[in-house]
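Per my numbering, the sequence shown starts with residue 4, numbered consecutively.
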Amino acid sequence: MKTAAPLDSATDPIARRIRIEQVRLLYTQASLSATAALFVAPLVVLVHWQVVPHPVLLAWLASLETTILVRLALAAAFRRDPNAEGNTERWANRYTWACATSGICWGGCTVLLALSPSPVYQSFIALILGGILMNGVLTMTPVLTTCVVYALPLALPPVLWLLLQDDLLRTTMGATGVLYLLLALGTAHRYHQTLTRSLGLAMENLGLAQSFAAAKEQAEEINRRLAEQQAALQDSVEAMREFHQVISTPYRHASEQIRAMLALGCRRFGLAIGILARVEGECYKIVQVIAPNNDIAEGDVLALSDTYCHDTLRAKSPLSFEHAAAGRWRHHPCYLKFKLEAYLGTPVQAGSQPYGVLCFCDFPPRPAPFSTVDRELIQLMAQWVGATIEQDRMATATQRQHTLLAHASRLNTLGEMASGLAHEINQPITAIALYTEACLAQLQSGPVKPAEIRETLEKIAAQSARTNTIIQHVRHFARQSKPQYLAVRFKDLFDDIADFLLLEVRRHRVHLLQDIAPNLPPVLADPLQIQQVILNLIHNAVDAMSDSEGSRSITVFARLDRWAIEAGIKDTGPGVPPDMLDQLLHPFFTTKPDGLGLGLSISQSIVEAHGGRLWVTPNQGPGVTFRFTLPVATNANASERDSADLPLETS
Ligand code: ADP
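Listed below in structure tokens is the structure:
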């Protein structure tokens, strides 16, 4: 059988472990073998008491029992040594030396053999020595050296003495003793090897069991981390779902959407207060807030240094803590003033400019720490809020530009109508001058009764009223005002400017006809803007027909089309070439030498801002029809317009 190369216990940990186990086994069995020897030795003395001189017997017994007691003492000391494993070799050497002296003492039995009077006594001694040898071989095999240094001095002296005797019996006993000794040593060697192999296997098993336990622990740790990651992932998916729900829900205005975002933050982070604040210099102004009991209100202004947001802005990233009193935050002015324990906040940037802070806080401490998902979610919220504020800012600016442009367009239309208007105003003024001269002439010709000039004065009053009406209309259109949405009837809108329009159409010998369906529901509109659209379209139609030879007429019509009023201006002018139809509504498209090309595109954007649309179609006969729709006024869209200008821009 092939044996493995012996392992070095100094370098190889398994060999070292095996050695430790061997020494431990040696000591474990030491008590048993030593105790047996302790009681057997007196028996030898007892049997030989009558035949061997007492001093020899007692000297032998004393020396042997001393070595046996030393072995028992060593065994007890080994058991008590807490660091026995660290001193394996020292303990092995000590016991080996003790066993060697024991073996020598047992070998001293040869003296008793020599002094024994008969073969019976000698056989008794040989029997005892054989038993002690076998006992040693069985209990000392874990450490082979110990076994050998015990067995050889024990067996060799008596065996040699027997072999050297002259009679056959003793020589045979000696030869048998040699055989037993070899057998015992061979058996000890085999036992030792088997034991070493078993211990090696046990060590390997132990190593395997340990690495298995380590692998199991590692797998459990990985599982635990995976479960945590899965929970975090689920949490972030849920957060994203809620976030998406808020940003995809159609709200009437950005401020409502931001409020929904604050509510989402309060719910998710488990904090009662949500704030969007604008920061300007050292000024911290609350733009929107969700707070129980209305402790904090929109428009409240605080010193920036009295808020945790001051530190958030300095950190330029999310700042969070769950229990201010438990850390350095307890010295912060915000804690000292408001006793806010839990806080999560992040800076908000609108466009490329710093805007302020989005934060959530609460008075009681937060039981669970803020997670990575929480911090990422608030950053996402802040990005969205910043983008919404910027969008709102741009929409406001666009609206302002649009209002200015619409005003400029009205002034332009009035400018184009100026000569006609001047003519219209000139007529009554001329009439007034003539009537006044007539009055004066009457007065100069002598005393006049009031009744005689009354009629002339009434005519003067009528003419000045006519002038005043025209000027009122001009002022109406020339004024600059913010859009004001009202529920108005289309017929009223038109009637308000009808006589003003008549001035324009009459001068160009155009018939203005009406085909407005009765009892139309009101539309939600800014009257001035819709009147501007009607004026633009009629002015264009008049312009287009100014060179027409045939009959010139413009029909203003309106009818109900499901949820909207469809209105239009139909003319009998030259129409528009089909390839030009698409371009009419483009800004700056004009066929007039001094035209701006803005009237139609501004009309289109006005109608679209009202939620309708404007388009042009060629007529069956001559001319074109411009049509536009306006949504019928409902409670919902009326309140929508009411809240349309909530201020996000707080500066
Ligand atoms: P502008 O009147 O300054 O030219 P508009 O945007 O009001 O600007 O009109 C753009 C162009 O559309 C006009 O130049 C004209 O050629 C054409 N147009 C507008 N209304 C009519 C119409 N009723 N009939 C024919 N062409 C029209």
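Quick reminder that beta carbons are idealized off the backbone N, C-alpha and C, glycines included.
Values in this document were obtained by computation on a predicted structure and should not be read as measured data.
Who are the near neighbours of S467 in its chain, counting only those whose CB is closer than 8 Å to its CB and skipping five residues on each side? The answer, listed in chain order, is P431, I435.
How about V162 and G180: are their beta carbons less than 8 Å apart? Against a cut-off of 8 Å, the Cβ pair of G180 and V162 comes out as a contact.
So, with DSSP's three-state summary, where would you put F657? Residue coverage of the chain in this structure runs from 4 to 654, which leaves residue 657 outside it and unanswerable.
With DSSP as the reference, please indicate the residues paired to F511 in a beta bridge. Checking the displayed sequence, the identity of residue 511 turns out to be His instead of Phe. Looking at the DSSP output, H511 bridges to nothing.
Closest to P295 by C-alpha separation, out of P621, A266, A33, would be which residue? A266
Excluding the 5 residues preceding and the 5 following R228 in the sequence, name in chain order all residues of the same chain whose CB lies nearer than 7 Å to its CB. none
Does the Cβ of N297 lie closer than 7 Å to at least one heavy atom of ligand 1? no
Whole angstroms is fine: what's the gap from I23's alpha carbon to L118's? Roughly 44 Å between the two C-alpha positions.
Please identify the residue among F497, L49, A441 whose C-alpha is closest to the C-alpha of I128. L49
Can you give the beta carbon distance from Y358 to R262, rounded, assuming they're within the 8 Å contact cut? Rounded, the Cβ-Cβ distance is 17 Å, inconsistent with contact.
Could you check whether the Cβ of F560 sits closer than 7 Å to any heavy atom belonging to ligand 1? no
Cβ distance (whole Å) where Q607 is taken to contact L599 below 8 Å: Going by Cβ atoms, the distance from Q607 to L599 rounds to 15 Å, so no, they are not a contact pair.
Quick one: what does DSSP say I572 is sitting in, helix, strand or coil? Strand at I572.
According to DSSP, is K288 part of a helix, a strand, or is it coil? strand
Where do the N-terminal and C-terminal ends of the beta strand (DSSP E) with Y358 fall, by residue? Run containing Y358: 356-365, per the beta strand (DSSP E) assignment.
Could you check whether the Cβ of E579 sits closer than 7 Å to any heavy atom belonging to ligand 1? Note on identity: in this sequence residue 579 is Val, with Glu being the wrong assignment. Correct: V579 has its Cβ closer than 7 Å to ligand 1.
Quick check on DSSP: helix, strand or coil for P160? helix
With a threshold of 8 Å, are at least 3 pairs of Cβ atoms found where one atom belongs to the stretch 54-67 and the other to the stretch 105-112? yes
Three or more C-beta pairs under 8 Å: does that hold for the stretch 202-221 against the stretch 171-191? no
From T231 to S374, what does the alpha carbon distance come to, in whole angstroms? Per the sequence shown, residue 231 should be read as Glu rather than Thr. Going from the Cα of E231 to the Cα of S374 covers about 12 Å.
Compare the C-alpha of T459 against each of Q445, T470, T472 and name the closest. Q445
Could you compute how far the alpha carbon of T91 sits from the alpha carbon of V47? 35 Å
Rank D495, H542, Y438 by C-alpha distance to the C-alpha of L424 and give the top, closest one. H542
Among L147, A39, Y311, V54, the one whose alpha carbon lies nearest that of E135: Sequence check: residue 135 is Ile here, not Glu. Checking every option, the nearest Cα to that of I135 belongs to A39.
Going by the CB atoms, is the gap between T632 and L615 shorter than 8 Å? Checking the displayed sequence, the identity of residue 615 turns out to be Gly instead of Leu. Yes, they are a contact pair.
Helix, strand or coil, according to DSSP, for Q623 in the structure here? coil
For Y338, the first and last residue of its enclosing alpha helix (DSSP H): 336-341
Might you give, ordered along the chain, the residues of its own chain that have their beta carbon closer than 8 Å to the beta carbon of P368, omitting 5 neighbours on each side? E325, H326, A327, A328, A329, E344, A345
Inter-stretch contact (C-beta, 8 Å, three-pair minimum) for the stretch 543-559 and the stretch 569-588: yes
In this structure, how does DSSP classify Y346 when only helix, strand and coil are distinguished? strand
Apart from the five residues on each side of it in sequence, which residues of its chain come closer than 6 Å, Cβ to Cβ, to I500? In chain order, Q534 place their CB closer than 6 Å to the CB of I500, counting only its own chain and leaving out the 5 sequence neighbours on each side.
Any heavy atom of ligand 1 inside 7 Å of the beta-carbon of I622? The question names Ile, but residue 622 in the sequence shown is Asn. Because no heavy atom of ligand 1 lies under 7 Å away, the Cβ of N622 does not count as near it: no.
For Y488, which residues in the same chain have their Cβ closer than 7 Å to its Cβ, ignoring the five residues on either side in sequence? L527, A528, D529, R644
Grab me the residues of E245's own chain with a C-beta within less than 6 Å of its C-beta, minus the 5 sequence neighbours each way, in chain order. L267
Among R331, V635, T401, L29, the one whose alpha carbon lies nearest that of A490: V635
Where N429 falls, given that 16 or more other Cβ within 10 Å makes a residue buried: By the C-beta density criterion, N429 is exposed, having fewer than 16 other C-beta atoms within 10 angstroms.
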